[in-house]
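Enquirer: Using full-length UniProt numbering, the first residue of the sequence shown is number 1, and each one after it goes up by one. In this text, a Cβ means the ideal position worked out from N, Cα and C, and glycines have one as well. After the structure tokens below, expect a handful of questions from me.
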Amino acid sequence: MSESLFQYRLRISPHSRRIRLRVTPRLGLEVVIPSGFDPGRVPVLLKRKQRWIRAALERMESLRALHAPDWCLPAQIQLPAVGLIWAVSAKPSDNAARTAVRETGAGQLLISGAVENEQACRAALGRWLLRQAHRHLLPGLERTSHDLGLPYQRALIRRQKTRWGSCSRDGTISLNAKLLFLSPETVNYVMIHELCHRVELNHSPRFWRLVERHCPDFRRINAQRRDLWKAVPHWAEKAVL
Ligand SMILES: [Zn+2]
Numbered sequence: 001m002s003e004s005l006f007q008y009r010l011r012i013s014p015h016s017r018r019i020r021l022r023v024t025p026r027l028g029l030e031v032v033i034p035s036g037f038d039p040g041r042v043p044v045l046l047k048r049k050q051r052w053i054r055a056a057l058e059r060m061e062s063l064r065a066l067h068a069p070d071w072c073l074p075a076q077i078q079l080p081a082v083g084l085i086w087a088v089s090a091k092p093s094d095n096a097a098r099t100a101v102r103e104t105g106a107g108q109l110l111i112s113g114a115v116e117n118e119q120a121c122r123a124a125l126g127r128w129l130l131r132q133a134h135r136h137l138l139p140g141l142e143r144t145s146h147d148l149g150l151p152y153q154r155a156l157i158r159r160q161k162t163r164w165g166s167c168s169r170d171g172t173i174s175l176n177a178k179l180l181f182l183s184p185e186t187v188n189y190v191m192i193h194e195l196c197h198r199v200e201l202n203h204s205p206r207f208w209r210l211v212e213r214h215c216p217d218f219r220r221i222n223a224q225r226r227d228l229w230k231a232v233p234h235w236a237e238k239a240v241l
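Below, the structure written as structure tokens:
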């Protein structure tokens, strides 16, 4: 299936006879297709309609900005995984397109640009978070891999919604940038877990024995995994358009 230009929600409607596109604040872009229509054709369709979709998304975004007075920048950002804390300050400027986050000193972050615009700020903070993840998580994975003698092919940083990490058949390990909000012990466990998948690409008893050998305390950490998402601040979730 081809990559889509837009994130969208697909709804199959047995009652509709044609394809409909809708943009709503709650659901973002919704594509309604008649049953029997091949969902694989949707990305091409969206590409053809991209001008209309972009205009509709922009209109909705400006409405959301008006109706979201509760958005405010985080005053502080903590990344427990690497023991770092930043105070966040803001410098408004007219250039909304260039909203950016940079470090101005030890423990000082400055966000400049459209500092009142939630979408722009979350996008900029998200890019900053990815940079931090590249800086800290990838070398951490490399060290752990070396220490354990469990090599991998390549590593990626992503912002998955439901997984902290994954390991693919071709040896690619993906780590969630949001791991930075967790404890070092948890991050270490996630890395060990994914590296052990390089030997056992399953969750068999053999896999868990291998995990236990490298992380004897894994059961306690693994038991908390559903609660861990609460540690992720709202701004760090990918904004749903
Ligand atoms: Zn696993």
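#1: Give every residue whose Cβ lies closer than 6 Å to any heavy atom of ligand 1, listed in chain order.
#2: Which residue spans inside the stretch 24 to 68 form an unbroken beta strand (DSSP E) run of at least 3?
#3: May I have the straight-line CA-CA distance separating S62 from K91, to the nearest angstrom?
#4: Could you spell out where the beta strand (DSSP E) holding residue 243 opens and where it closes?
#5: Thinking C-alpha only, which one of A120, L179 and R159 is nearest C72?
#6: Can you tell me whether R122 is buried or exposed? The criterion is at least 16 other CB atoms within 10 Å of its CB, across all chains shown.
#7: Is there contact between the stretch 128 to 140 and the stretch 178 to 185, where contact requires at least three CB pairs shorter than 8 Å?
#8: Going by C-alpha to C-alpha distance, which of L148, Q224, G126 and S13 sits closest to P74?
#9: With burial defined as no fewer than 16 other Cβ atoms inside 10 Å of the residue's Cβ, what is the status of E118: buried or exposed?
#10: Is V187 helix, strand or coil when you go by DSSP?
#11: Rank P139, A97, R102 and Q50 by C-alpha distance to the C-alpha of V82 and give the top, closest one.
#12: Roughly how many angstroms lie between the CA atoms of N222 and F207, to the nearest whole one?
#13: Would you list the one or two residues that DSSP bridges to G149?
#14: Here's the rule I'm using: 16 or more other beta-carbon atoms within 10 Å means buried, otherwise exposed. How should W52 be labelled?
#15: I173 lies in the alpha helix (DSSP H); which residues open and close that run?
#16: Strictly by DSSP, which residues pair up with Q78?
#17: What three-state label does DSSP hand R20 in the structure shown?
#18: Go ahead and pull the three-state DSSP assignment for Q160.
#19: Check whether the stretch 191 to 198 and the stretch 148 to 158 are in contact - that is, three or more C-beta pairs closer than 8 Å.
#20: Considering A100, what are the terminal residues of the beta strand (DSSP E) in which it resides?
Expert: The short version:
#1: Sorted by position in the chain, H193, H197 and H203 make up the residues whose C-beta lies under 6 Å from a heavy atom of ligand 1.
#2: Counting only runs of 3 or more, we get 28 to 34.
#3: One C-alpha to the other measures close to 21 Å.
#4: Only positions 1 to 241 of the chain appear in this structure, which leaves residue 243 out of reach.
#5: A120 is the residue among A120, L179 and R159 whose C-alpha sits nearest the C-alpha of C72.
#6: The residue is buried, with at least 16 neighbouring Cβ atoms inside 10 Å.
#7: Contact between the stretch 128 to 140 and the stretch 178 to 185 is present, because at least three Cβ pairs lie under 8 Å.
#8: Closest option to P74, Cα to Cα, is G126.
#9: When all chains shown are included, E118 counts as buried.
#10: Three-state result, V187: helix.
#11: P139 is the residue among P139, A97, R102 and Q50 whose C-alpha sits nearest the C-alpha of V82.
#12: N222 and F207 have their alpha carbons spaced roughly 14 Å apart.
#13: Answer is none; G149 lacks a bridge partner.
#14: Classification of W52: exposed, given that the 10 Å Cβ count is below 16.
#15: Secondary structure note for I173: it is in no alpha helix (DSSP H), and the uninterrupted beta strand (DSSP E) holding it is T172 to N176.
#16: For Q78, the beta-bridge partners assigned by DSSP are I85.
#17: Strand.
#18: Q160: coil per DSSP, three-state reduction.
#19: A contact is defined here as three or more CB-CB pairs under 8 Å, and the stretch 191 to 198 meets this definition with respect to the stretch 148 to 158.
#20: Per DSSP, A100 belongs to the beta strand (DSSP E) from A100 to G105.
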